[in-house]
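S.K.: Sharing a structure, written as structure tokens. Questions coming.
2 protein chains.
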Amino acid sequence: MEQQQHLFVCILLAFCLTSSTNGGKVLVWYTEASHWINMKHVLETLVDRGHAVTVLMLFMDNKDSKFKYETFNVSFPLEEIEKFLEDYLHFSMYEMDQLSYLQIYIRHIELAKMDLYYNLKYLDGIIKSEFMMKKLKDENFDVLLADPIYPGSDLVADILGIPLVFTLRFSLVNNWERHCGQRPAPPSYVPGAMSKLTEKMDFSERVWNFGFYLLNDLMYQHFFWKDIDKYYSDVKGTPTSGCEMMGKADFWLIRTYWDFDSPHPILPNFKYVGGIHCKPAKPLPKHIEEFVQGSGEHGVIVFTFGSMINNITREKANMIASALAQIPQKVLWKYKGETPETLGANTRLYDWIPQNDLLGHPKTRAFVTHGGTNGIYEAIYHGVPMVGIPMFADQPSNIIQLKARGAALILNLNFMTTEDFRDALTIVINDKSYKENAMQLSRIHHDRPMSPRDEAIFWIEYTMRNKGAKHLRVQAHELTWFQYHSLDVLVFLLSIVLLITLLFIKACSLCFRRCCGSKRKTKRE
Amino acid sequence: MEQQQHLFVCILLAFCLTSSTNGGKVLVWYTEASHWINMKHVLETLVDRGHAVTVLMLFMDNKDSKFKYETFNVSFPLEEIEKFLEDYLHFSMYEMDQLSYLQIYIRHIELAKMDLYYNLKYLDGIIKSEFMMKKLKDENFDVLLADPIYPGSDLVADILGIPLVFTLRFSLVNNWERHCGQRPAPPSYVPGAMSKLTEKMDFSERVWNFGFYLLNDLMYQHFFWKDIDKYYSDVKGTPTSGCEMMGKADFWLIRTYWDFDSPHPILPNFKYVGGIHCKPAKPLPKHIEEFVQGSGEHGVIVFTFGSMINNITREKANMIASALAQIPQKVLWKYKGETPETLGANTRLYDWIPQNDLLGHPKTRAFVTHGGTNGIYEAIYHGVPMVGIPMFADQPSNIIQLKARGAALILNLNFMTTEDFRDALTIVINDKSYKENAMQLSRIHHDRPMSPRDEAIFWIEYTMRNKGAKHLRVQAHELTWFQYHSLDVLVFLLSIVLLITLLFIKACSLCFRRCCGSKRKTKRE
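Keeping their order, the protein sequence lines are chains U and L.
Just so you know, we're using this note's numbering here: the first sequence kicks off at 1 and counts up by one.
Just so you know, we're using this note's numbering here: the second sequence kicks off at 526 and counts up by one.
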């Protein structure tokens, strides 16, 4: 029966590669790092299918001839944001583990405020530039495709009067999906994004998840939406809710799937396209293939901390290299830092590795990862077990989900020892259950009616040809939270019950008085 | 851009028709009337794809060589159930409009109790027959496909130890989907099935919907689940919840889609396959084609009350025929009753009509329907506007949804006059907006990644090759209602807040007393 499934995938791929389109015009919201790596694959397919893709960019550092770029200016030196990003990474990687929950929460609020400050400065570069907005308006785009990690795409889509499609990994505690997208997420079984929980929660975990939702919703309300609402209202010249603007999106393309995400309620305009960027492995460059083949029966380990983290402290690098030196596998480590003194002969450092091609190589035994969703999906696609050393954002939760599914082990960079790392690698490679579980996730990943990229393309083109998809939006968007939870109905029904009870008591007491009154009267007579 | 969509559909159809499978063994739960008409199309495709299909049947009246049938015995004369069905139809068609809401509710409870009584008698025929259960066990089926309208399929799937796929139009107030399937449905914007509401509700309608959920949930609890639980517990020999059993289903194939259903929250194992039975029109039989062509530019009207209602009272039939005689269109009316005296020359009565082929004919201007989902979907598929004269079950709600989308008008058989009917037909045919809206629903219906039948087949085969789909079930199935709504967490957190407040008050009062005490002491000194 697996044959038919593969035939299906082949036909769909063939469809994607060969069918012609009446090309549409796609405007792409600016984004960067892993978000851009992910999105680029979808954009390339859109171009291959005859659409014109215009990308808004902060600055032109990786011009790709397939797309047209529109750059915009920001009113502050970009070094400032680089410094902010470094601070954020340092806090997440080294400081957070030393702090109490309260301190982490307060620091997160500070960071969120700074992040929003810079994001709105970026947005100024587009929305407050008459020249840019006129240029975009004149282009008559058919759709705006945006990763909402940088706010403002909804406002621009609204001003341009074009449909909007989001592509999104997650928002903290799913705040955007729940409050703006109206996707239900009961805290009793839907772990908040970044909560480090899985869907299987005991009582104390449910208390933690509930509190996590509550605290972060409060944070969003006071340190995000308030400023966004003010900004949007200023631009529109009328009171405008940023969350309502976000809720106008025609589609939400969520970059997970039920291979590793917890099953949860969804909506007709939420599509799950996790692994959107994955593809079969290509042959390796000759020198890498030779190194990989030299590993013999032991095979190789692929190791990366992703696109944002290029080096770690000397001490940590030595601790890691020392563990790697103790295992029989060969290791390909993407690492731009200083070569550690303890580096073994079996380990090679690379500025860049063909990660997907390596993960799809039959000699690959394990993947050491920071837990970014892109890398995880490549490992799931090829069925490779993992050792996760997560750093920030969704990475800890990602690895915890994989651990719960028996396809990964998790380590903490600040507390792990050489022995911990060596043992984790040994277990993940030698305990067959990890490979089997990774293969099971891979089977779930592949066994769907169409590939995630084809699905994403279908709904983007759907939005273009139907000029939006408002008929898929739930009516909840038109209700207040009070109405949504039927609180007005409950108050009304309880008032009626109360009124009837009062009338009943009053009537009884009247009857009672009349009876007693007449008795007394009779007695007197 | 529409080209590519059609190419897509063609490729998917080609896949369905040509790809080979390692055939599985499908057991089909007994069902009848429109439920069977609908399911048969899926089963035929399953057979065409190499699967062996065995159908449980009450009795063998329409043996089809494509499937294997297993008949079972029931311990009461089948005339009894026919009489019950007649009573139910008479009540729904003629009596209900004369009664108060309370009377309708009480009568519904009586009917539901009778229905369950007969349904459990049917179930006896399978589950209490050692011979039948052994036969089914020995067959080693790969999946049980069931329309849960007749209860017990979940229990049998559990005993046989095989996966279960439901195919379902609706349950009253979505009780099964919500309570057993864990699909969220806030009453503030999800109209209860059979509530005669759309998703756009004003305050009074939300009150009605809330009350409708509440009353019918109570009815289910006391006049359905209590008996089902008792029956299941007796069979299993241990306390067993029928609703939990239902919740074990691997997939719920819901027979609607967002063309006419209200968008609402769904779950990863709920798939919306409305129009599962629809297909392009075939040429008409010669005598019908000649009659249709004779209609000239005015075109024809297709008229049916569905598979269950073959005639109506003489008075009603005359009133209807008289209206039809006044319009310029020709009419094909599926009607087995006595020929009405007022029948016009433009109207022909038929025992049977090729409904789908007629609805797909370019001369068809309107569809007069009782509002059954099968017929409605054929009209949507071909983009034909409707006049609905609903009778029972989901029919009134179906037509109300279509009316809200501007593709139908609604009439009440008990209160309509000849003029009402004639005018409704004239409006639906001559006001272009009805045709345009019907075509818009048709576009939504067709514009999806794969046809509903292909999607249903995909997930049925998915269940077989993966031996179930438990990884798509939400964790809510493992929670009590108290836990689901985080009430235990709330009680815990409120207790802590209360405790802290009490401790604070106690501490303040102690401090106060000590201060005042020492002052008094000082004063005394």
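We treat Cβ as the ideally placed atom computed from N, Cα and C, and that holds for glycine.
(1) Could you have a look at A146 of chain U and say whether DSSP puts it in helix, strand or coil?
(2) Tell me, please, whether the segment 684-699 of chain L touches the segment 657-668 of chain L by the rule of three or more beta-carbon pairs shorter than 8 Å.
(3) If you draw a straight line from the C-alpha of L641 of chain L to the C-alpha of F749 of chain L, how long is it?
(4) For L324 of chain U and A345 of chain U, I'd like the C-alpha separation in whole angstroms.
(5) Could you list which residues in chain U have their beta carbon closer than 7 Å to that of V1014 of chain L, in chain order?
(6) Going by C-alpha to C-alpha distance, which of L:L603, L:T765, L:E986 and L:E607 sits closest to D679 of chain L?
(7) Just how far apart, CA to CA, sit F76 of chain U and R930 of chain L?
(8) For a contact meaning CB atoms closer than 9 Å, what does E1108 of chain L contact in chain U?
(9) Give me the subset of the segment 310-333 of chain U whose CB atoms are less than 7 Å from a CB atom of chain L, sorted by chain position.
(10) Tell me which same chain residues have a C-beta within less than 6 Å of the C-beta of Y738 of chain L, skipping the five on either side of it?
(11) If you run the structure through DSSP and keep just helix, strand and coil, what is A325 of chain U?
(12) Give the straight-line distance between the Cα atoms of S20 of chain U and I460 of chain U, rounded to the nearest whole angstrom.
(13) Would you call W481 of chain U buried or exposed, if buried means 16 or more other Cβ atoms sit within 10 Å of its Cβ?
(14) To the nearest angstrom, how far is it from the Cα of V1014 of chain L to the Cα of V1022 of chain L?
(15) Can you confirm whether M201 of chain U, when its beta carbon is compared against all beta carbons of chain L, has any partner nearer than 9 Å?
(16) Enumerate in chain order the residues of its own chain whose CB-to-CB distance from K137 of chain U is below 7 Å, with the five nearest sequence positions on each side excluded.
(17) Scan the segment 170-201 of chain U for residues whose Cβ lies nearer than 7 Å to a Cβ of chain L and list them as they occur along the chain.
(18) Going along chain U, which residues have a C-beta under 7 Å from I969 of chain L?
(19) Taking DSSP as the reference, what is the three-state secondary structure of I254 of chain U?
(20) Could you tell me whether the segment 369-387 of chain U touches the segment 430-442 of chain U, where touching means 3 or more Cβ pairs closer than 8 Å?
(21) Tell me which residues of the segment 473-484 of chain U have at least one Cβ-Cβ distance to chain L shorter than 7 Å, keeping chain order.
(22) Going along the segment 247-266 of chain U in order, which residues come within less than 8 Å of chain L, judged by CB to CB distance?
(23) Which term fits I106 of chain U, buried or exposed, when burial requires 16 or more other beta carbons within 10 angstroms of its beta carbon?
(24) Distance, Cα to Cα, C1033 of chain L vs R178 of chain U?
(25) Going by DSSP in three states, I37 of chain U sits in which element: helix, strand or coil?
(26) Of the choices L:S1020, L:K1031 and L:G831, whose alpha-carbon is the least far from that of F917 of chain L?
(27) Quick one: grab the DSSP three-state call for T418 of chain U.
(28) Exposed or buried, G896 of chain L, counting other C-beta atoms within 10 Å across all chains shown (16 or more means buried)?
(29) Hey, is Y757 of chain L's beta-carbon within less than 9 Å of any beta-carbon in chain U?
(30) Considering only C-alpha positions, which residue in the set U:H485, U:C511 and U:Y377 is nearest to I37 of chain U?
(31) At what residues does the beta strand (DSSP E) containing W858 of chain L begin and finish?
(32) Check Q4 of chain U in the structure and name its three-state DSSP category.
(33) Against N665 of chain L, what residues of chain U qualify as contacts under a CB-to-CB distance less than 7 Å, listed in chain order?
(34) Rounded C-beta distance between P853 of chain L and H823 of chain L? I'm assuming under 8 Å.
(35) Quick check: the Cα distance between K363 of chain U and P285 of chain U, rounded to an integer number of angstroms?
(36) Quick check on S544 of chain L: does DSSP put it in helix, strand or coil?
M.R.: A quick look at the data gives this:
(1) strand
(2) yes
(3) 7 Å
(4) 10 Å
(5) R206, V207 and F210
(6) L:T765
(7) 51 Å
(8) Past the edges of chain L, shown from 526 to 1050, lies residue 1108 of chain L, and the structure says nothing about it.
(9) none
(10) V698, P712 and G717
(11) helix
(12) Because the pLDDT of S20 of chain U is 45, which lies under 50, any placement of that residue in the model is unreliable, and the number read from its coordinates should be weighed accordingly. Roughly 15 Å separates the two Cα atoms.
(13) exposed
(14) 12 Å
(15) yes
(16) L160
(17) P184, P186, P187, S188, Y189, E199 and K200
(18) H471
(19) strand
(20) yes
(21) R473, V474, Q475, A476, L479, Q483 and Y484
(22) W258, S262, P263, H264, P265 and I266
(23) exposed
(24) 41 Å
(25) helix
(26) L:G831
(27) helix
(28) buried
(29) no
(30) U:Y377
(31) K855 to K859
(32) Low confidence applies here, because Q4 of chain U scores a pLDDT of 48, under 50, leaving its location unreliable; read the following figure in that light. It is helical.
(33) Under the 7 Å cutoff, chain U gives no residues; its nearest Cβ is about 16 Å from N665 of chain L.
(34) 4 Å
(35) 15 Å
(36) Because the pLDDT of S544 of chain L is 47, which lies under 50, any placement of that residue in the model is unreliable, and the question is left without a value.
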